[in-house]
Amino acid sequence: MQDDLELLHRVGIALSAEKNKDRLVEMILLECKKLCNADGGTIYLRGDDDLLRFEIVRNDTLGVAKGGTTGTPVTFGPVPLFDPKTGEPNKSNVVAYACHQKTSVEIEDAYDHEGFDFSGTKRFDEQNGYRSQSFLTIPMINQDGYVIAVLQLINARNGGGAVQPFQPMDIRIVEALASQAAIALDNKILYDAQRQLLESFIKLIAAAIDAKSPYTGAHCGRVPIVTEMLAGAAVEADHGPTAEFGLTEDEWYELRIAAWLHDCGKVTTPVHVMDKATTREDHRPHRDGSHPIRARQARARDQLLAPGRRGWRPRCSGIGARRGREAARRGFRLAREIEHRRGVPRR
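Residue numbering for the sequence shown is 0 to 346, as defined by numbering that gives the first Met the number 0.
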């Protein structure tokens with residue numbers, strides 16, 4: 000019992016720390032399989048359309064590993080929670096039944112059980128030379144009492160590897176672990192949904208900016224693509240200055256969000272400023288005059304500098320005159336450079 004409590008504690012901490020959904024689902028299934036020494040297992044996720052979809056499948060004897068971190072999608076069809084014709088709850092399938100009743104279902108031998116329809120399981124066994132015998136199906140319920148997923152384990156094995164029914168103590172421990180896992184999984188699902196909502200809002204802003212002016216050339220939508228291409232090339236480089244460069248999952252996400260947000264300030268920029276068919280250099284006088292305050296500053300600066308530029312001449316002679324002229328020329332060059340950098344029109 001002490002070992003079981005320590006295992007629950009360890010797994011609970013690991014589940015709460017995992018940020019990746021695929022790794023989280025895989026960890027839940029593998030730890031539950033290990034607790035019962037089960038040969039196979041599946042986790043179904045419940046969708047908004049009331050379909051239970053295969054998220055991950057494992058079977059040691061058949062060497063089946065799909066979903067999770069394998070990168071191999073599960074191709075089995077979903078389990079409907081309701082009859083598509085009558086709309087009645089689907090209670091003939093043990094997974095759907097456990098979801099509706101919010102209770103665990105333990106079956107010693109599916110081939111001798113008459114309460115549920117195992118025709119699909121038997122077809123699978125026949126095609127693969129397998130025998131699915133003992134079943135343990137557990138609903139995963141969140142804090143609101145809603146079933147978000149269903150865990151199913153197949154063929155518990157004793158120390159000698161022979162298939163046996165799931166033991167009462169193992170069932171209680173797996174139920175406790177599934178309860179912890181349901182909270183962790185629900186938090187991860189909610190977190191991912193919030194991130195998707197934020198990204199959708201950011202992309203909406205970028206699309207609005209691109210639609211604001213035809214001269215932007217879909218700039219906001221193309222920068223993220225180019226950014227990820229450049230970052231990907233830098234990460235994949237095996238020589239040169241970026242050979243040691245790498246990005247974590249969080250850093251990739253931050254880079255993607257930054258690329259989408261890089262021009263978000265333009266959402267408040269006036270349309271006549273956005274509509275620039277040419278470069279900013281061609282519009283320096285217009286740009287400087289478009290803002291009343293900057294225009295007044297430019298005129299005041301011109302009035303202050305004009306007498307010196309047009310009428311001042313040194314009135315001394317000799318060495319002093321030469322030094323004065325050189326200093327004046329340096330001053331004029333500096334003034335012109337300042338004007339050029341600030342975009343003040345030449346007069």
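Ideal placement from N, C-alpha and C gives every residue a C-beta, glycine not left out.
**Message:** On the CB-based measure, 16 or more other CB atoms within 10 Å of its CB, does residue 139 come out buried or exposed?
**Reply:** buried
**Asked** Can the beta-carbon of residue 176 be found closer than 9 Å to that of residue 30?
**Response** yes
**Contact between the segment 96-104 and the segment 60-75 (3+ Cβ pairs under 8 Å)** = no
**Asked** Which word fits residue 203, buried or exposed, when buried means at least 16 other C-beta atoms lie within 10 angstroms of its C-beta?
**Response** exposed
**Beta-carbon contacts of residue 217 that lie in its chain and below 7 Å, excluding the five residues immediately before and after** = 209
**Message:** Suppose the cutoff is 8 Å on Cβ atoms and the five residues either side in sequence are ignored; what does the same chain contact list for residue 17 look like?
**Reply:** 23, 26, 183, 187
**Message:** Please state the DSSP three-state secondary structure of residue 176.
**Reply:** helix
**residue 32 - DSSP class collapsed to helix/strand/coil** = helix
**Message:** Just to confirm before moving on: does the CB-CB distance between residue 83 and residue 52 stay below 9 Å?
**Reply:** no
**Message:** My assumption, with CB atoms under 8 Å, is that residue 43 sits in contact with residue 148. Please give the rounded CB distance.
**Reply:** 6 Å
**Item:** First through last residue of the beta strand (DSSP E) which encompasses residue 156
**Value:** 146-156
**Request:** Would you tell me roughly how many angstroms separate the C-alpha atoms of residue 130 and residue 97, rounded to the nearest one?
**Result:** 22 Å
**Prompt:** What do you get for residue 132, buried or exposed, if any count of 16 or more other CB atoms within 10 angstroms of its CB means buried?
**Reply:** buried
**Member of 245, 145, 158 whose CA lies at the smallest distance from the CA of residue 231** = 245
**Asked** What do you get for residue 54, buried or exposed, if any count of 16 or more other CB atoms within 10 angstroms of its CB means buried?
**Response** buried
**beta strand (DSSP E) segment containing residue 138, residue limits** = 134-140
**Message:** For the alpha helix (DSSP H) containing residue 65, name the first residue and the last one.
**Reply:** Careful: residue 65 lies outside any alpha helix (DSSP H), inside the beta strand (DSSP E) at 63-66.
**Asked** Since residue 179 contacts residue 11 with CB under 8 Å, what's their CB separation in whole angstroms?
**Response** 5 Å
**Request:** Below 7 Å CB to CB, which residues in the same chain sit around residue 46 once its five sequence neighbours on both sides are set aside?
**Result:** 52
**Prompt:** Alpha carbon to alpha carbon, what distance is there between residue 7 and residue 145?
**Reply:** 23 Å
**Asked** With C-beta atoms as the reference, is residue 170 less than 9 Å away from residue 135?
**Response** yes
**Those residues which DSSP pairs with residue 43 across a bridge** = 53, 149
**Euclidean distance between Cα positions of residue 163 and residue 56** = 20 Å
**Item:** Paired residues, beta bridge with residue 88 - DSSP
**Value:** 81
**Prompt:** Is it buried or exposed for residue 223, if we count other Cβ within 10 angstroms and need 16 for buried?
**Reply:** buried
**Prompt:** If you run the structure through DSSP and keep just helix, strand and coil, what is residue 250?
**Reply:** helix
**Asked** Does the distance from the CB of residue 259 to the CB of residue 181 come in under 9 Å?
**Response** no
**Message:** If you measure between the beta carbons of residue 20 and residue 249, is that distance less than 9 Å?
**Reply:** no
**Message:** From the DSSP secondary-structure annotation, give me the bridge partner or partners of residue 270.
**Reply:** In DSSP, residue 270 forms no bridge with anything.
**Item:** residue 162 - DSSP class collapsed to helix/strand/coil
**Value:** strand
**Asked** If we count the other Cβ atoms within 10 Å of its Cβ and call it buried at 16 or more, is residue 115 buried or exposed?
**Response** buried
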